[in-house]
Amino acid sequence: MAEIIQTTTARPQRVPVDPVTLDIIENALRNARYEMDEVLFRTALSPGIREQHDEFPLIGDPEGRMVVGQFGLSIPALLDRYEGTIEDGDVLLTSDPYSCDGAISHANDWLVVMPIYVEGRIVGWASMFGHMSDVGGKTVCSMPTDARTIFEEGVVIPPFKLYHRGQLNEDALRIVLNQVRQPDWNRADLNGIVAACRTAARRIQELCARFGADTYVSALDALLDRNYQAMKALLTTVFEDGETISFSDYICDDGVGFGPYKLTLSLTRTGEKVLLDFTGSSPQSPGPINYYLNENLARMFFGIYMITVADPQILWNDGFYPLIDVHIPEKSFWKPDFPAALNARNHGVGRIFDLFGGLLGQKNPDLLNAAGFSSSPHFMYSGTYEDGERAGEWFQLYSIGFGGIPGRPIGDGPDGHSLWPSFVNIPCEYLESYYPLRIERWETVPDTGGAGLHRGGNGVDVAYRFLQPGTIAIHDDRWLTYPWGVNGGEPGARGRKWIDRADGSREILPSKVHDVHVGKGDVLHFVTWGGGGWGDPLARDPELVALEVRRGLVSADGARRYGVVLREGAVDAAATGELRGSLRAGRPAKPPVFNMGPPLAEILANCEAETGLPTPRVPA
Amino acid sequence: MSYRLGVDVGGTFTDILLIDEDSGRSFRAKTSSTPHDQSVGVLTGIGKVCAAASTSLESIGQVMHGTTVATNAILEGKGAKVGLVTTAGFRQVLQIARSFVPGGLAGWIIWPKPEPLAALEHTVEAIERIGADGEIVTPLDEDDIRVKLRGLRADGIQALAVSLINSYVDGAHEARIAAIAAEELPGVPVSVSSKVLPELREYERTITSVANGYVQPQVARYLDNMMRKLDKRLYILRSDGGLASAPAAAANPVSMLLSGPAGGVSGAVWAAAQAGYTDLLTFDMGGTSTDVALVQAGVPRIGRETRVGDLTVRSSSVDVRTVGAGGGSIAHVPALTRALRVGPQSAGADPGPAAYGKGGREPTVTDANVVLGYLPGELAGGEISLDRDASRTAVAGIAEAMGLPSVEAAAAGIVDIVNENMFGALRLVSVQQGYDPRDFALVAFGGAGPLHANALGRLTGAWPVIIPPSPGVLCAYGDATTSLRDEAARTYIRRFSELTDGELRAIFEELAEAAASTVEAEGAARDEQTVTYQVDIRYHGQGFEISVPAGIAAFDGEGGGLKALGAAFDAEHERLFSFLLKNEHELVSVRAAVSGPRPHVAAVTLAQGTEDPAAALRTTTTVYVGGEQTRANVYDRGKLLAGNVVAGPAVVTEMDSTTLVLPGHAATVHPSGSLLIRPVAEEA
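Protein chains in written order, with the numbering used here: chain C, 84 to 703; chain E, 332 to 1015.
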């Protein structure tokens, strides 16, 4: 248990805060949080952070509750396990998910936590984590798809003082950086994260100087209470007392031959509280897909979904957490036993979006989106230049792919976009000038978005031609189960990957694989999945369908899924009417809310024929 | 006698300012803007101002113009139908964009994705490929692209953009396609990405080229109309605050998207200089939004990005940050959280604030100011009279929703929140760039700026707060007092170990020559020109660059130049981010900017008075400040004399603006006509 050293032990006085000051502090906290992002983006070296923005900031209150941010760090739990003092100027670093209740969920994420002091006492906490491209271990980028324990996933840093009273622990950092393949990246990114946290601390100290620390801290209480009250009102209007709703989705496989993994989430309201229960989900995997889910993160996801539509400007915080109980069964996919492997948890993190959407959408039509691009598929490429002016130089790429946002109540899902906030793609020209590859195609694939009144976004085909030999790794999913449609919308297409070898042969790749050798001239097609459709495709304006055919987003054949027949590119009204009539006649009067595609048994039976990949075995 | 003429076209009014270059005497004309064809209003106004000065069009030497034609085309979605040529495999470069979805974790649920500026059905692929090293991987298939361009002609496109992968390294294929387009699409302007923006990052280069094409036909038509009357005397203010001849502007209109705001910043710089201040935060508050910028030693900070509405392009512009906070911003209270939100929704000019009596019911910032007694009975010299009861009714809704004790308390809350939003924008250009706002003066203008300026001075600590004379026509002043400018740039990515002083010096000289000859052709002789150099540097491997100025004299062939650049970069990095890395420095791009002489315009000098402003007292009124009603004097700005001191609380009115002086503060009238507001305690 950490011993917190404060020269002033008097607790902050609770004082009344007028509503306008409250809104001003809320606004200032939001600005501070975005400024943290900015500092890191501008100074980071690894493409994952500097180009793609794979990082998460947080500012906490004196007790460590999040007042702005978007991850589920439990500072009290971290401090409970930390043996030592906490003083002004200290900065803690950890990458061990098992040490912080899964606030970070794999060892690639480096988490920095620092106390914010004003006049000798703690007024808050600044924290941020970022995905390091490489943290050592047996595979480049440290994410072996066949890992069975966390010990195979690189250096795992227990919580320790990177800075003690402002003084850097050079030796410890040197030991850590000696484990990784690109130490200058990690050093710069870590510097950026610390600078971002210090920026946040400075902003909070300025707020305390302006309004007084008592007012500041009291305002945080009021902001937390604002979330609490809003959520309390929402829960009773949205969910019926005593009713349980439930939703299940899947992770297709675990990288070591088992799948699909069932993920189940249920919700029951009892009085003013709600229980989120993950019972019914598959047990933990022997492979690396386990997602060690922090209870607070589950609460946060739930809250964000619930409130975003009601007041988009509200500041997220932990205030409503007492209203939400979370039950995660031990030894399950969501809470594996140490030392289970965790590196490929990005599929679980992403599928949370679909899981909450499918669950909450049942009670709130504004939230009933189809299944989206609920992942952040990874592509890695590394090697040593064989020839040319960089001969002998090491190169290492980690990048994230994007796909189809689902059809939504407000409209079509964007094609080839990110479901994650902040993330952006790495420009082709950047990749080509820093890595030995050429990108021959970067386009969305027509018809991969599910048909619907609001079409699902298309997945993307990126074709990489390799100009130097090396190895690649892929972390993806949704190659087997479908991104589902809703309210009559159809599922989106599944993802696929293959290599066209320079010798003319074609090799289909599984969705999770590493250490695949590639030679000069080989071309990898990394095709991501589409978003599901929303609403009845037969109700979509035929002219819009025709326009999308001209745009190459839907094929002429694909237009028939909307019951639209084209003749020389124009809508054939008569034939369209006829086709729509016959399609309507051949389907049930009222479509099911969710269209998950064929039954799972059928999907499994056709697996090899449809995907070219072996059928995974049922998880033990 | 010779005259210069400044022209600023706003949404409602067009301001014309005629300055006698010898005496500094100025004449103003205000006329209604003519949105369907702005040149009509402008030419009417020029006629009016010439009549007022008893002179003729012929005696005007130069017409300087900040225009919003390009901006409006984008904001209103009324630009040209643009065709786009990409490299095969990249047709959807604008559809995919950077895959970015704004907002938080659930932001994707509520984000309406804007349509690409060049429609996908008007985008064709060229069979060609150039490698990152300039190697021609696939030669251009000319026959194929010719057929596709004919298809675009059949589609009726009005402008063409050509943006191929890696063209920033070698633009040969783009140039060839432009030549074929000249044959197949005669009369259709072509924006070539390697000319518009020779920089790495295909999406940014493409969208910038497409934006150029999107606004080009409208800009060309407008400038043609103007040139028919004004011929070679017409100059356009670019987003970066420099002037360009009308033909140069028409060729590269994406460089003038922020022409209007740049004029305001230039005017603020000019007015503040007259009062003796050169380190400034500028604060331009209008009806729907507020623009802020930072000026150091009389030079506005230039940013590499230009943002208009949803659109961000890579084009140099005065680093103006915009927030959706203005007089028309609407206050509301979401039922669920009972928080007070102001904006970004705006009542605009129509129906406008409830006080305008044009059917607006929702409470706006202007209504809050009316309730608090800060605004006189009428605005714009009597064109708009204010309905106080309507304002009270509108703001009362907020008081009720928040459970506040009075309408005044709600109005004060609305003003506090909107001030805070604008403070956020000022922090973006100051604190977040490592500048302490207390080292700057705050120049407030725009219709609503002077009303909120004192409060923002208090929030930022930037004193004095300067209210220039005629804050409503400051843009026209800026237009009339700025200088010719051109910039040449090149992306040149090299680690410092791969570079020599001599190599970089040669690039500087080549770029300077290119810009200098443009400026010379536009009328500024070489011996009147000043050249400045800038380079963008980063640590090798970083994704963002920092711009630092370069002194060419240091490039002596001994490595002194590179060393100085490295040191300047480190100093900036330390200032911005508080740490340094051991990684090697890397040059990213090089720029040379050439300016003509700043025109001499004599300033106005007010007659000297005493400290007592009683002669300008118009009336007294009741204002609500600091939680209570109190009496305040109302002064007529036109009657104030140099040296008068207006003690707060006070309201100073003039035709196009109203200034509020808060209790504990006083405004001193500077001989140049500016009001300088400072806390009273500080002066003591």
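A virtual CB, placed ideally from N, CA and C, is assigned to each residue, including glycine.
So residue i contacts chain E; which residues on that side make the cut at Cβ distance below 9 Å?
i: C:P510; result: R429, L531, R532, E533, Y534, E535
i: C:F234; result: Those do not exist, as C:F234 stays about 30 Å from chain E at its closest Cβ, beyond 9 Å.
i: C:L450; result: A437, I440
i: C:I488; result: V432, W439, W442, K444
My output table needs one value for residue i: the three-state DSSP class, helix, strand or coil.
i: E:A921; result: In the sequence as presented, Ala is not what sits at residue 921 of chain E; that position holds Val. Strand, per DSSP.
i: E:W442; result: coil
i: C:G402; result: helix
i: C:N373; result: coil
i: E:E1014; result: Low local confidence applies: a pLDDT of 43 at E:E1014 is under 50, so the model's placement there is unreliable, and no value is given.
i: E:K894; result: helix
i: E:R769; result: helix
i: C:P625; result: helix
i: E:D754; result: With the sequence shown as reference, residue 754 of chain E is identified as Phe, and Asp is not the correct amino acid for it. Three-state DSSP puts E:F754 in a helix.
i: C:M383; result: helix
i: C:N678; result: strand
i: E:P675; result: strand
i: E:I427; result: helix
i: E:V965; result: strand
Please tell me whether residue i has its Cβ less than 8 Å away from any Cβ of chain E.
i: C:F485; result: yes
i: C:L502; result: yes
i: C:G664; result: no
i: C:A642; result: no
i: C:T391; result: yes
i: C:V174; result: no
i: C:I187; result: no
i: C:L630; result: yes
Would you mind stating whether residue i and residue j have Cβ atoms separated by less than 8 Å?
i: E:L491; j: E:V521; result: yes
i: C:L317; j: C:G402; result: no
i: E:I633; j: E:V649; result: yes
i: E:V546; j: E:A404; result: yes
i: C:H537; j: E:S430; result: no
i: C:D560; j: C:I334; result: yes
i: C:G213; j: C:I88; result: no
i: E:V866; j: E:V804; result: no
i: E:K772; j: E:W794; result: The amino acid occupying residue 772 of chain E in the given sequence is Ala; Lys does not appear at that position. Against a cut-off of 8 Å, the Cβ pair of E:W794 and E:A772 comes out as a contact.
i: C:A642; j: C:L649; result: yes
Could you name the residues of chain E that residue i contacts, counting a contact when the two beta carbons are closer than 7 Å?
i: C:V122; result: F908
i: C:D192; result: Result: empty, since nearest Cβ-Cβ is about 16 Å, beyond 7 Å.
Could you tell me if the beta carbon of residue i falls within a distance shorter than 7 Å of some heavy atom in the ligand MG?
i: E:S677; result: In the structure on display, the ligand MG does not appear, and there are no ligands present to speak of.
Who are the neighbours of residue i on chain C, taking C-beta pairs under 9 Å?
i: E:F421; result: C511, I522, R524, W525, E526
Counting contacts by CB-CB distance shorter than 8 Å, is residue i in contact with chain C?
i: E:E829; result: no
i: E:L348; result: no
i: E:A1012; result: no
i: E:A1015; result: The predicted model places E:A1015 with a pLDDT of 39, which falls under 50 and marks its position as unreliable, so this point remains unresolved.
i: E:G744; result: yes
Return the bridge partner residues of residue i from the DSSP annotation.
i: C:L359; result: C:L350, C:V409
i: E:I496; result: Answer is none; E:I496 lacks a bridge partner.
i: C:G553; result: C:V601
i: C:W503; result: DSSP lists no partner for C:W503.
i: C:P366; result: C:S415
Going along chain E in order, which residues have a C-beta closer than 8 Å to the C-beta of residue i?
i: C:Y464; result: None at all; the shortest Cβ gap to chain E is about 15 Å.
i: C:V507; result: R429, S430, F431
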